[in-house]
Amino acid sequence: MFEILQNFWMPVLPVSELGESPVSVTLAGEKLVLFRTQSGEIRALRDRCSHRSAALSLGRVTPNGCIECPYHGWQFNGDGACVRVPFNDVNKINFSRLAVNSFPTQVIAGCVWIFTGEGKPPVLQIPDSLKLSETAYYIHQEIWKTHWTRAIEASLDFVHLPFVHRESFGQIAQSALESGDVLDLKVNDSGDRIEVFTPYAGVPPTFALEWQQPNLVMVKFDDLGFPVKREHFFAVPIDEHQTQCTIILQMAEGMDAQTQQFAAQEFIKPLVEDRVVVESQIGEIHAIAGECHVPTDKPTLLFRRWYHQTIARQLVLR
Ligand code: FES
Ligand SMILES: [Fe+2]
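Counting in the UniProt record's numbering, the sequence shown runs from 1 upward without gaps.
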């Protein structure tokens, strides 16, 4: 189960997109079905029936809050237990052998999160900026054809701004580029958290990027008076070649939903500029010895060290 980023909590879907019908998602190489039980709780099961492997997500949710397989109508509850096999004598069936895998879920910051493992998950550690009520956030998702590690690197990089974002907000770095400044990046590194402060003169020094393991990069506009206070960029792996970029924008207080949507577009539009370049890269990030590095690569090199020491090594050992 789960080929990539095993045993982590991941945001997968805006909770507003899960109604009465089941929803299929692919997370870290695994096809899952999300649905609501009778009490409205959100549950995640492996999207493969234990009978003949049909996708449960093609079925329906029954009035008693189970998911019914579209093929022969077997029903599974939110824990993955099989509770009905039509046309068969219940006394001749060992139901305990028919269960499908279920995975822990929770709702945070307007998103459904799934734990990429079985059993009791650890408590999810998230920044305080993700602990507000659902209405504080605007959520955007888009798929990039890239390995998730490349998407993280693009988000943790100040140096690409005047090039990739020449036509948008990259102008903030234009005068530094033209005057030939040597950037001296201020970086705080604690192993599973990397904070990088803006190197550009004229940009408030509190403007910072922060990576938190495994796949979150925050753009901290916090005190700059923008309509977006903080961008939370999650690079959620669909598989080795595709990443579901889930962006949770913490909006300034006092905006209605329509104003939020309008203001958020300015922060979402430049993502396409990143996507084009990132999709031109090939495969996951290299080990430290691969590709070439210069001093301004310090933040992404720290991420590479963490990735290769904690994630890639586990993949080799598995
Ligand atoms: S494949 Fe699901 S009930 Fe037969
Ligand atoms: Fe960018």
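Cβ coordinates follow ideal geometry from the N, Cα and C atoms, glycine included.
- Would you say the beta carbon of H160 comes nearer than 7 angstroms to a heavy atom of ligand 2? Residue 160 sits at position 160 when you count from the first residue of the sequence shown. At least one heavy atom of ligand 2 is nearer than 7 angstroms to the Cβ of H160, so yes.
- Query: Do H165 and ligand 2 come close, with the Cβ less than 7 angstroms from some heavy atom?
  - Reply: In the sequence shown, residue 165 corresponds to position 165, counting from 1. True, at least one ligand heavy atom lies under 7 angstroms from that Cβ.
- Task: With DSSP as the reference, label K31 as helix, strand or coil.
- Result: To locate residue 31, count along the sequence shown from 1; it is residue 31. Residue state for K31 is assigned as strand, using DSSP reduced to three classes.
- In the structure shown, what three-state DSSP assignment does A44 receive? For this step, residue 44 is matched to residue 44 along the sequence shown. In this structure, A44 counts as strand in the three-state DSSP scheme.
- Message: With a threshold of 7 angstroms (Cβ to nearest heavy atom), would A154 be considered close to ligand 2?
- Response: As a working note, residue 154 is residue 154 in the sequence shown. At least one heavy atom of ligand 2 is nearer than 7 angstroms to the Cβ of A154, so yes.
- Item | L302: first and last residue of the uninterrupted alpha helix (DSSP H) it sits in | In the sequence shown, counting from the first residue as 1, residue 302 sits at position 302. Its alpha helix (DSSP H) spans residues K298 to W306.
- Message: Taking the beta carbon of V90 as the centre, do at least 16 other beta carbons fall within 10 Å, making it buried, or is it exposed?
- Response: By 1-based counting over the sequence shown, the position of residue 90 is 90. With fewer than 16 other Cβ atoms within 10 Å, it is exposed.
- Query: CB N94 to CB G80, shorter than 8 angstroms?
  - Reply: As a working note, residue 94 is residue 94 in the sequence shown. As a working note, residue 80 is residue 80 in the sequence shown. Against a cut-off of 8 angstroms, the Cβ pair of G80 and N94 comes out as no contact.
- Task: Tell me whether the beta-carbon of A151 lies closer than 8 angstroms to the beta-carbon of L130.
- Result: By 1-based counting over the sequence shown, the position of residue 151 is 151. By 1-based counting over the sequence shown, the position of residue 130 is 130. No.
- Is the closest heavy atom of ligand 2 to the C-beta of D274 under 7 angstroms? For the purposes of this step, residue 274 is taken as residue 274 along the sequence shown, with counting starting at 1. Distance from the C-beta of D274 to the nearest heavy atom of ligand 2 is below 7 angstroms.
- Give a yes or no on whether the C-beta atoms belonging to V83 and S57 are separated by under 8 angstroms. Along the sequence shown, one-based indexing puts residue 83 at 83. Along the sequence shown, one-based indexing puts residue 57 at 57. No, the Cβ-Cβ distance between V83 and S57 is not below 8 angstroms.
- Message: Just list the residues that DSSP pairs M218 with in beta bridges.
- Response: Taking the first residue of the sequence shown as position 1, residue 218 is located at position 218. Bridge partners of M218: E210 and H232.
- Message: If contact is defined by three or more beta carbon pairs under 8 angstroms, each pair taking one atom from either stretch, is the stretch 7-17 in contact with the stretch 109-124?
- Response: yes
- Task: Determine the extent of the beta strand (DSSP E) in which Q141 is found, giving its start and end residues.
- Result: By 1-based counting over the sequence shown, the position of residue 141 is 141. Note, Q141: beta strand (DSSP E), Y137 to W144.
- Message: For ligand 1, is there any heavy atom lying closer than 7 angstroms to the beta carbon of R60?
- Response: The residue labelled residue 60 in the question sits at position 60 within the sequence shown. No; taking the cut-off as 7 angstroms, the Cβ of R60 has no heavy atom of ligand 1 nearer than that.
- Message: Starting from R275, trace the alpha helix (DSSP H) in both directions and tell me its first and last residue.
- Response: Position 275 of the sequence shown, counting from 1, holds the residue named residue 275. L271 to V278 is the span of the alpha helix (DSSP H), which, as asked, contains R275.
- If you drop the 5 nearest sequence neighbours on each side, which residues of the same chain put their C-beta closer than 7 angstroms to that of T300? Taking the sequence shown and counting its residues from 1, one reaches residue 300 at position 300. Answer for T300: E153, L156 and D157, listed in chain order.
- Item | Reduced DSSP secondary structure (H/G/I, E/B, other) of K131 | Here residue 131 corresponds to residue number 131 of the sequence shown, with the count starting at 1. It is coil, neither helix nor strand.
- Query: Using DSSP with H/G/I as helix, E/B as strand and the rest coil, what is F197?
  - Reply: Here the question's residue 197 lines up with position 197 in the sequence shown. In the structure shown, F197 sits in a strand (DSSP, three-state: E or B).
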